[in-house]
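K.L.:
Got a structure for you, written out below as structure tokens; questions coming shortly.
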Amino acid sequence: MKITKEVWQDLGAFLIIGLAVWAVLALSSCSQPGVPPSPVVASSPLRETVGSGARAEELSSAAADPGSRPGLGTGWGERVASSLARTSFERASDRPLGGVATIFYNDEAGIEAMAGRHKNRTSAFQQAANGAVEWGVKSGWGTPLHYMAGAKRFVVGKEGKNYSLVVRNASESRLEVVLSVDGLDVMDGRPASFKKRGYILGPGEKIEVKGFRTSYDAVAAFKFSTVAASYANLRHGQARDVGVIGLAVFTEKGSRFAGWLPGGEVGRRQEARPFAEAPLRTAQ
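Residue 62 in UniProt numbering sits at position 62 of the sequence shown, and the numbers go up by one each step.
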């Protein structure tokens, strides 16, 4: 079959257009920054997670451009083997024992700015949940510098270093601990809520949580990073809560803690008066 000159010209134009489109797509894909994958959901919420819709206006106005913010965030590190098994646990209350405990982290300059000159060195592991647990931050073979300034607790991190969260059950009953990093739940990498399920610790048991859970067999290591490179920013596009680690502890229904829940016997004892006045009297 004889191919005319016009057909060759049309084919040539078609090939040129195709190559141009391919080049544009290739350049576009190369310009996108790498975003860590979303973790596999390994926890089952008790009910709908508290979302950020109610705080949308606050977040948009309060959060600065992550690229311009100094200090540290938590990035998506390498895969670390970590097995997870299911067990039954019924909470005695939907309120965490002793409230929510927090640790603020940053680089040395950031901690100096946040805590000021009145900070004091403290031990790496501190009590929380009315003494039911001890917890702290570990990095490498040791522990980073820990400070107290007033009632706030601070940890000095170093960019590029991995870290982990260590929690020990100091009680004689099973406990459930829910942990968050940068406002994200460590079990699913999504917005944190203590309504979600956590790790179960037996009496005297200690666990080391090394990263965001990606499956029943592994986690992605916690790694000190810039705010712009934090997992919260890259995956969720917001870094409002970067720099804080949270802990909520729950007791088991039927355990010896049942009578010591918030608002119960603990509240009554904390409000007991050392010099209670007798009621005034009057004549009939």
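Each residue gets a CB set at the ideal place from its N, CA and C atoms; glycine is no exception.
When DSSP labels each residue in this structure, what does Pro70 get in the three-state scheme?
P.N.:
As a position in the sequence shown, residue 70 is number 70, starting the count at 1. Looking at Pro70 - three-state DSSP - the assignment turns out to be coil, as it is neither helix nor strand.
K.L.:
Have a look at Ile207 and Val167 and give me their C-alpha separation to the nearest angstrom.
P.N.:
Reading the sequence shown from its first residue, position 207 is the one you call residue 207. Reading the sequence shown from its first residue, position 167 is the one you call residue 167. One C-alpha to the other measures close to 6 Å.
K.L.:
In chain order, what residues of the same chain lie with their CB nearer than 8 Å to the CB of Ser230, ignoring the 5 residues before and after it?
P.N.:
As a first step, residue 230 must be located in the sequence shown, where it is residue number 230. Here the set comprises Pro66, Gly73, Thr74, Gly75, Asp182, Ala239, Val242.
K.L.:
Per the contact definition of three or more C-beta pairs closer than 8 Å, is the stretch 152–164 in contact with the stretch 218–237?
P.N.:
yes
K.L.:
Mind the definition here: the stretch 147–154 touches the stretch 108–123 only if three or more C-beta pairs lie below 8 Å; say whether that holds.
P.N.:
yes
K.L.:
Can the beta-carbon of Ala248 be found less than 8 Å from the beta-carbon of Pro96?
P.N.:
Looking up residue 248 in the sequence shown gives position 248. Looking up residue 96 in the sequence shown gives position 96. Yes, the Cβ-Cβ distance between Ala248 and Pro96 is below 8 Å.
K.L.:
May I have the straight-line CA-CA distance separating Lys210 from Pro274, to the nearest angstrom?
P.N.:
Position 210 of the sequence shown, counted from the first residue, corresponds to residue 210. Position 274 of the sequence shown, counted from the first residue, corresponds to residue 274. If I take the Cα positions, the gap works out to 46 Å.
K.L.:
Hey, Gly136 and Gln127: beta-carbon distance below 8 Å or not?
P.N.:
On the sequence shown, residue 136 is found 136 positions in, with the first residue counted as 1. On the sequence shown, residue 127 is found 127 positions in, with the first residue counted as 1. Not closer than 8 Å, so no.
K.L.:
Whose C-beta lies closer than 8 Å to the C-beta of Ala170 among residues of the same chain, with five residues either side of it excluded?
P.N.:
For this step, residue 170 is matched to residue 170 along the sequence shown. Hits under 8 Å: Gln127, Gly131, Ala132, Val133, Glu134, Gly204.
K.L.:
Return the CA-CA distance between Ala272 and Gly99, expressed in angstroms with no decimal places.
P.N.:
Along the sequence shown, one-based indexing puts residue 272 at 272. Along the sequence shown, one-based indexing puts residue 99 at 99. So the alpha carbons of these two residues sit roughly 20 Å apart.
K.L.:
Which class does His146 belong to by DSSP, given the choice of helix, strand or coil?
P.N.:
Position 146 of the sequence shown, counting from 1, holds the residue named residue 146. Looking at His146 - three-state DSSP - the assignment turns out to be strand.
K.L.:
Where does Leu110 sit, in a helix, a strand or coil, going by DSSP?
P.N.:
Here the question's residue 110 lines up with position 110 in the sequence shown. First, the residue type needs correcting, since residue 110 is Gly and not Leu in the sequence shown. If DSSP states are grouped into helix, strand and coil, Gly110 belongs with the helices.
K.L.:
Let me know the secondary structure DSSP gives Ser31 once reduced to three states.
P.N.:
On the sequence shown, position 31 is the one that residue 31 refers to. Any reading at Ser31 needs caution, since the residue's pLDDT is 39, under 50, leaving its predicted position unreliable; the model's value is listed next. In this structure, Ser31 counts as coil in the three-state DSSP scheme.
K.L.:
Work out the CA separation of Leu201 and Glu176 for me, nearest whole Å.
P.N.:
Locating residue 176 in the sequence shown gives position 176, counting from the first residue. Locating residue 201 in the sequence shown gives position 201, counting from the first residue. Cα to Cα, Glu176 sits roughly 6 Å from Leu201.
K.L.:
Note down, in chain order, each residue of its chain lying with its Cβ closer than 6 Å to the Cβ of Ser88, except the 5 sequence neighbours on either side.
P.N.:
Here residue 88 corresponds to residue number 88 of the sequence shown, with the count starting at 1. Excluding sequence neighbours, Ser88 sits near nothing in its chain.
K.L.:
Go ahead and label Ala129 buried or exposed: buried means 16 or more other beta carbons lie within 10 angstroms of its beta carbon, across all protein chains shown.
P.N.:
By one-based count along the sequence shown, residue 129 stands at place 129. Burial call: buried.
K.L.:
Extract the residue ranges of the beta strand (DSSP E) inside the stretch 135–220, only unbroken runs of 3 or more that lie entirely within it.
P.N.:
146–149, 152–156, 162–169, 175–181, 199–201, 206–209, 211–213
K.L.:
Measure from the alpha carbon of Gly254 to the alpha carbon of each residue in Gly150, Val80, Arg69, Ala92, then state which is nearest.
P.N.:
Within the sequence shown, residue 254 is the residue found at index 254, counting from 1. Closest option to Gly254, Cα to Cα, is Ala92.
K.L.:
Answer with buried or exposed for Pro144, where buried requires no fewer than 16 other C-beta atoms within 10 angstroms of its C-beta.
P.N.:
As a first step, residue 144 is located in the sequence shown; it is residue number 144 there, counting from the start. Classification for Pro144: buried.
K.L.:
Going by the CB atoms, is the gap between Glu172 and Arg256 shorter than 8 Å?
P.N.:
Residue 256 sits at position 256 when you count from the first residue of the sequence shown. Residue 172 sits at position 172 when you count from the first residue of the sequence shown. Yes. Within cutoff.
K.L.:
Can you give me the Cβ contacts of Ser225 inside the same chain, cut-off strictly under 6 Å, excluding the 5 residues immediately before and after it?
P.N.:
On the sequence shown, position 225 is the one that residue 225 refers to. Answer for Ser225: Gly73, Gly75, listed in chain order.
K.L.:
For the putative contact between Tyr105 and Ile245, defined by C-beta atoms under 8 Å, what is the C-beta separation to the nearest angstrom?
P.N.:
Your numbering for residue 105 matches position 105 in the sequence shown. Your numbering for residue 245 matches position 245 in the sequence shown. Correct: roughly 7 Å between the Cβ atoms.
K.L.:
In the structure shown, what three-state DSSP assignment does Arg86 receive?
P.N.:
Along the sequence shown, one-based indexing puts residue 86 at 86. Coil.
K.L.:
Going by DSSP in three states, Arg256 sits in which element: helix, strand or coil?
P.N.:
For the purposes of this step, residue 256 is taken as the residue at position 256 of the sequence shown. DSSP places Arg256 in coil when its eight states are reduced to three.
K.L.:
Going by C-alpha distance, which of Asp94, Ala81, Val227 is nearest Val178?
P.N.:
Stepping through the sequence shown from its first residue, residue 178 is reached at position 178. Taking only the C-alpha atoms, the option nearest Val178 is Asp94.
K.L.:
Nearest to Ser68 by CA position, among Gly142, Gly116, Asn233, is which residue?
P.N.:
As a first step, residue 68 is located in the sequence shown; it is residue number 68 there, counting from the start. Nearest of Gly142, Gly116, Asn233 to Ser68, Cα basis: Asn233.
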